[in-house]
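*Asks:*
Protein chains in written order, with my numbering: chain A, 226 to 806; chain L, 226 to 806.
1. In terms of residues, what are the limits of the alpha helix (DSSP H) holding residue 331 of chain L?
2. Under 8 Å between C-beta atoms, does residue 345 of chain A make it to chain L?
3. Taking just the CA atoms, how far does residue 293 of chain L sit from residue 669 of chain L?
4. Which of the three DSSP states is assigned to residue 519 of chain L in this structure?
5. Find the nearest neighbour of residue 545 of chain A within the set A/749, A/314, A/773, A/455, judged by alpha-carbon distance.
6. From residue 310 of chain A to residue 313 of chain L, what distance separates their C-alpha atoms?
7. Starting from residue 572 of chain L and walking both ways along the alpha helix (DSSP H), at which residues does that stretch end?
8. Can you list, in chain order, the residues of its chain whose CB lies under 7 Å from that of residue 673 of chain L, leaving out five sequence neighbours each side?
9. The beta strand (DSSP E) that contains residue 396 of chain L, what's its start and end?
10. Output the distance between the C-alpha atoms of residue 606 of chain L and residue 779 of chain L, rounded to the nearest integer angstrom.
11. With a threshold of 8 Å between beta-carbons, can residue 522 of chain L be considered close to chain A, or not?
12. List the endpoints of the continuous beta strand (DSSP E) containing residue 360 of chain A.
13. My guess is that residue 693 of chain L and residue 773 of chain L are in contact by the Cβ rule of under 8 Å, so how many angstroms apart are they, rounded?
14. Using 8 Å as the limit for Cβ to Cβ distance, is residue 409 of chain L near chain A?
15. Give me the chain L residues within the contact set of residue 661 of chain A, using Cβ-Cβ distance strictly less than 7 Å, ordered along the chain.
16. Using a Cβ-Cβ cutoff of 8 Å, what residues of the stretch 239-268 of chain L are near chain A? List them in chain order.
17. Could you work out which residue in L/657, L/660, L/701 is closest to residue 678 of chain L when comparing CA atoms only?
18. Is it right to say residue 760 of chain L is buried, meaning 16 or more other beta carbons lie within 10 angstroms of its own, or is it exposed?
19. Could you check if residue 281 of chain L is buried or exposed, using at least 16 other CB atoms within 10 Å of its CB as the buried criterion?
20. Can you pull the chain A residues whose beta carbon is under 8 Å from the beta carbon of residue 283 of chain L, in chain order?
21. Quick check on residue 527 of chain L: does DSSP put it in helix, strand or coil?
22. Check each residue of the stretch 719-735 of chain L: if its Cβ is closer than 7 Å to any Cβ of chain A, include it; give the result in chain order.
23. So, at 7 Å on beta carbons, what are the nonlocal neighbours of residue 675 of chain A in its own chain, with the 5 sequence-adjacent residues on each side left out?
24. Considering only residues of the same chain and omitting the five flanking positions on each side of residue 323 of chain A, which have a CB-CB separation below 8 Å?
25. Does DSSP put residue 479 of chain L in a helix, in a strand, or in coil?
26. Considering residue 275 of chain A, what are the terminal residues of the beta strand (DSSP E) in which it resides?
27. Can you pull the chain L neighbours of residue 468 of chain A, defined as C-beta to C-beta under 8 Å?
28. Taking C-alpha atoms, which residue in L/378, L/621, L/368 lies nearest to residue 417 of chain L?
29. Which residues of the stretch 546-557 of chain A have a Cβ closer than 9 Å to any Cβ of chain L? Give them in chain order.
30. Can you give the Cα-Cα distance for residue 230 of chain A and residue 366 of chain A, rounded to whole angstroms?
31. Could you check whether residue 495 of chain A and residue 644 of chain A sit closer than 8 Å to each other, using their CB atoms as the reference points?
32. Candidates A/500, A/321, A/304, A/549: which alpha carbon is nearest residue 343 of chain A's?
33. I'd like the list of long-range same chain contacts for residue 569 of chain L, defined as Cβ closer than 6 Å, with 5 residues on each side in sequence excluded.
34. Might you give, ordered along the chain, the residues of its own chain that have their beta carbon closer than 6 Å to the beta carbon of residue 354 of chain L, omitting 5 neighbours on each side?
35. How would you list, in chain order, the residues of chain A whose beta-carbon sits under 9 Å from the beta-carbon of residue 560 of chain L?
36. What does residue 694 of chain L touch in chain A if you count any residue whose Cβ is under 9 Å from its own?
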């Protein structure tokens, strides 16, 4: 059997099937062992090949595309440490439930563990962080092999998407010579089953009527309940949970990543300032719940987590269509493995519309009052992190995406980005909450969602500077706001900040970098913001700009800490006055 | 039991023992969960704490220190994807046999797999690429716990160093609050065994007299043998293998990483141009060996590999003190698991000094002739990759270290860096041959070895640009020569270069980056070399400079390919003329 013919037909069958499953994008990092797959992929008219030299960035870029589109994206790299560079993004994809199809080229068996160059042990390379791993066979040309390759491909795409979505890993051993025969006519014309090898219809978990009745009856016994929504992406969920809230008369505690802080859905019951008012003891007393219904990932707010922990006697129901265990406080009384939207629909129709609730009104009142008092942030004349996010909720255009870095930005969004009807999507890498790969993830998302704004701190920006290469190479449109407090701002909020010896060295870690240089290297426009007027005019001017644009806002870690604490203290005093008055 | 006291005494015992084992350096990436370990480490007077924000760079930096010093270096990071960023360097350390002690902080058991932030599955995070993994216990204060922690620490350091050296991974679950009590008096004063808990004396594999006799007698039967030395670091090996060569009258085929291409040892039998002359059929016929003795990793030269493959009937003996299987061609007839130096000593003394060999003289003659003809490279007037390495072998100062990138630089060193007596150490990451982490590894090495020159291509330089942060932060001294051929030059040497469609996109991958911007961001000096005179003057001027200095040489991939091929063809014709004449 001709080696090149076997190699070509095996790979062409795989790539053809990949496209049949609906995959449109693959991120490729250059390398030698992956040559045949890369060359065949580049030949397919319906596959977009994105080149990304740094595999760490490449994998986060694919993650961003998949996260933004909800569809799996493929990744391809050569053997060796190239594949190990995918690890951070694979881990993030696993925990944030994003579908990825990781394809790694490998040496054939006879070159493994015998000191051959670029040969490492790639079997189960990502451990438990890949949902499915397949060691692919050496390319052969036979009908059975084609059936196998196509079936694996279809399964990989379906497995990556099935709830909980996540990364799958296929490892391909390729022998030299590695060049396929691209002269072959009808490279991607499949001998049989032209519409795809096997269609995989994936059901979602739904509860039986008797389960719904039982849960519905239990719920009816409680007047004082809250709905807590963490990070969740599901079509139709916003309207379904708002309807549930209206039926039950429970407020919706909406985490920024719940996608409920912005949109065309009814915002009446959306609570968006809990991160502030749940720091106040009087509010916590007044708002004590009997039941908590939770959807999505664990919310970001520490104040909310503490509030739930302090109400251990409340029933806590966690609805998870991905059948995980999203309960770090270990307080759940029921785990309900059911598609989230279908749960809302079924319970709403079971309980019917309940009378107006004082408890709900009290949440709304405290929320409205807090929001009003938080407006004090507008008085901040110096450049500051809190006011920035408040401004952004005003200024971001309709339909924009706001991607935020971990550490401080996501927390400031939580505190200062309040409900609006502009359909702004808020994104962050909250599977493992790393500061790595943020630029690349946002750039990947920017190929799907426009306009896209990324707000990151300086350490996060630095960590993935290489990610900017993709913006340059593909003229991607992204507007980045770097909050440069010259180091790790979040550590000032932690107990070690009371131990000044070694604090700056170990935690403050000032980098003293002039990012302007890097922005110029990647052909971006750069603006060092000097005051709020400058920010506003620069922001407005930027609205129309294409390409990479970076605004840098320098802030001070100590001032920022003080400003946050002063504001929370002020608002807290006002809330106590309201509730005691 | 007081939590803080338990946390403090447990960690202090670990850190004290770490220092007792002889470890002097730890590379720390800032994070929250690792707070107690970082704070205690910073308190130890005999431990150098190096901060490195990007964990991928941090791990390669530690790898470079350990590689240069031969002693284990510790790494510390927080939980989550931070630890996953270590993966590429851990893999490289495993395959290149470099001792690392990887310490990762983790959430305690009750926060694992329950959706807690920054909690990922860190058990066996690096799979088979860690030599030893220990899930450490939750800190407790008891004599037994102290004994356990100290024993594990001693074992970790010994395991990392035992042949084959490699990375070990200890995972530490820490509960909040995370701040240790640094007020404690005599934090590191150990109650017992002040000189260290347990001394581990590691033997090396040596052969029994009967084994030596058997091997010695077998060797005596052959006149035509060669010694092939790949990457190897062992005190005293150079002199021992030169003595073996003199006794046996076998030439030494010296890979650049064998550390035999430069030094005070006798260079008479060192063959350093085989990568050129083994492309010639007449030379290969004239130099056919009956026996091949191999030390160290598989050599870099493809011509040499093919030569050995074409001589399958030759006995091939692989001496490996690390008991691996460094034989990708699967041609070994004997695997000899014995310390390399002791093997040389024992065989030399068994065989005694043999009479002068024609076979050895023929190798030396062809080598000398090839070297003379390769001098034609000096005539290259345009900036070129080959001539650069030839120049470097002349110009590098006594005792310098030359760290080279993978892909083309290491191959050009192989072709053009010839024997000299200047004790120049040549380094590269050849465990898994990745282009990742090269700047960081070289910077780590630069803290041990001075002066240090790094020569890399533009893709390799780009891949680890973040690594330059350490140079800025610690004012490290490194002289970098970037060969910028705007893309992946090595692919022009591979078969896919004959398929121009998509070649530039998939393999050429031009980045069009002006690195000057990045160098300025990291406070380096930058020189864009315009011709050879400029290079020479810049090089000489640089000799006295401290800090980060970068010289960029732009070359052309096609010209480079042609120049290499023309030179090899020319030399090959001359060799045929010599041998046939």
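For each residue, glycine too, the CB sits at the ideal point set by N, CA and C.
*Replies:* Straight from the coordinates:
1. Along the second chain, one-based indexing puts residue 331 of chain L at 106. That residue, residue 331 of chain L, is in no alpha helix (DSSP H); its beta strand (DSSP E) goes 325-331.
2. Here residue 345 of chain A corresponds to residue number 120 of the first chain, with the count starting at 1. Chain L contact via Cβ: present.
3. Walking along the second chain from the start, residue 669 of chain L turns up at place 444. Walking along the second chain from the start, residue 293 of chain L turns up at place 68. Their backbone Cα atoms lie some 8 Å apart in a straight line.
4. By one-based count along the second chain, residue 519 of chain L stands at place 294. Three-state result, residue 519 of chain L: strand.
5. Locating residue 545 of chain A in the first chain gives position 320, where the first residue counts as 1. Comparing Cα-Cα distances from residue 545 of chain A to each of A/749, A/314, A/773, A/455, the minimum goes to A/455.
6. Taking the first chain and counting its residues from 1, one reaches residue 310 of chain A at position 85. Taking the second chain and counting its residues from 1, one reaches residue 313 of chain L at position 88. For residue 310 of chain A and residue 313 of chain L, the distance between alpha carbons rounds to 6 Å.
7. On the second chain, position 347 is the one that residue 572 of chain L refers to. Residues 565-576.
8. Within the second chain, residue 673 of chain L is the residue found at index 448, counting from 1. Same-chain partners within the cutoff: 290, 293, 294.
9. In the second chain, counting from the first residue as 1, residue 396 of chain L sits at position 171. From DSSP, the beta strand (DSSP E) with residue 396 of chain L extends over 392-398.
10. Sequence index remark: in the second chain, residue 606 of chain L carries index 381 (1-based). Sequence index remark: in the second chain, residue 779 of chain L carries index 554 (1-based). Between residue 606 of chain L and residue 779 of chain L, the C-alpha separation is close to 14 Å.
11. Locating residue 522 of chain L in the second chain gives position 297, counting from the first residue. Taking Cβ atoms only, chain A reaches closer than 8 Å to residue 522 of chain L, which makes this a yes.
12. Position 135 of the first chain, counted from the first residue, corresponds to residue 360 of chain A. Segment 357-360, the beta strand (DSSP E) holding residue 360 of chain A.
13. By one-based count along the second chain, residue 693 of chain L stands at place 468. By one-based count along the second chain, residue 773 of chain L stands at place 548. Between residue 773 of chain L and residue 693 of chain L the Cβ distance is about 7 Å, and since that is below 8 Å, they are a contact.
14. Position 184 of the second chain holds residue 409 of chain L. No, residue 409 of chain L lies away from the interface with chain A (no Cβ there is under 8 Å from its Cβ).
15. Here residue 661 of chain A refers to the residue found at position 436 of the first chain. In chain order: 306, 310.
16. 253, 255, 257, 260, 263, 264, 267, 268
17. Residue mapping note: residue 678 of chain L aligns to position 453 of the second chain, counting from 1. Among L/657, L/660, L/701, the Cα nearest to that of residue 678 of chain L belongs to L/701.
18. Numbered from its first residue, the second chain carries residue 760 of chain L at position 535. Buried, because 16 or more other Cβ atoms sit within 10 Å of the Cβ of residue 760 of chain L.
19. Translated into positions along the second chain, residue 281 of chain L becomes position 56. Classification of residue 281 of chain L: buried, given that the 10 Å Cβ count is 16 or more.
20. Position 58 of the second chain holds residue 283 of chain L. None at all; the shortest Cβ gap to chain A is about 11 Å.
21. For this step, residue 527 of chain L is matched to residue 302 along the second chain. Three-state DSSP puts residue 527 of chain L in a helix.
22. 719, 720, 721, 724, 727, 730, 731, 732, 734
23. Numbered from 1 along the first chain, position 450 holds the residue referred to as residue 675 of chain A. Cβ neighbours of residue 675 of chain A beyond the five flanking positions: 702.
24. Counting from one through the first chain, the residue named residue 323 of chain A turns up at place 98. The residues are 288, 291, 292, 317, 390, 391, 392, 656.
25. For this step, residue 479 of chain L is matched to residue 254 along the second chain. Strand at residue 479 of chain L.
26. Counting from 1 along the first chain, the entry for residue 275 of chain A is found at position 50. Taken as a continuous stretch (DSSP letters only), the beta strand (DSSP E) holding residue 275 of chain A covers 273-276.
27. Counting from one through the first chain, the residue named residue 468 of chain A turns up at place 243. Simply none; closest approach about 26 Å.
28. Position 192 of the second chain, counting from 1, holds the residue named residue 417 of chain L. The residue with the shortest Cα to Cα distance from residue 417 of chain L is L/368.
29. 549, 550, 551, 552, 553, 554, 555
30. If you number the first chain from 1, residue 230 of chain A lands on position 5. If you number the first chain from 1, residue 366 of chain A lands on position 141. Rounded to whole angstroms, residue 230 of chain A to residue 366 of chain A spans 7 Å at the Cα level.
31. In the first chain, counting from the first residue as 1, residue 644 of chain A sits at position 419. In the first chain, counting from the first residue as 1, residue 495 of chain A sits at position 270. A contact, by the Cβ cut-off of 8 Å.
32. As a working mapping, residue 343 of chain A is identified with position 118 in the first chain. Closest by alpha carbon: A/304.
33. Counted from its first residue, the second chain places residue 569 of chain L at position 344. Answer for residue 569 of chain L: 465, 466, 469, listed in chain order.
34. Position 129 of the second chain, counting from 1, holds the residue named residue 354 of chain L. Cβ within range, chain order: 315, 316, 319.
35. The residue you call residue 560 of chain L lines up with position 335 of the second chain. Simply none; closest approach about 11 Å.
36. Counted from its first residue, the second chain places residue 694 of chain L at position 469. By Cβ distance, chain A contributes 687, 736, 738.
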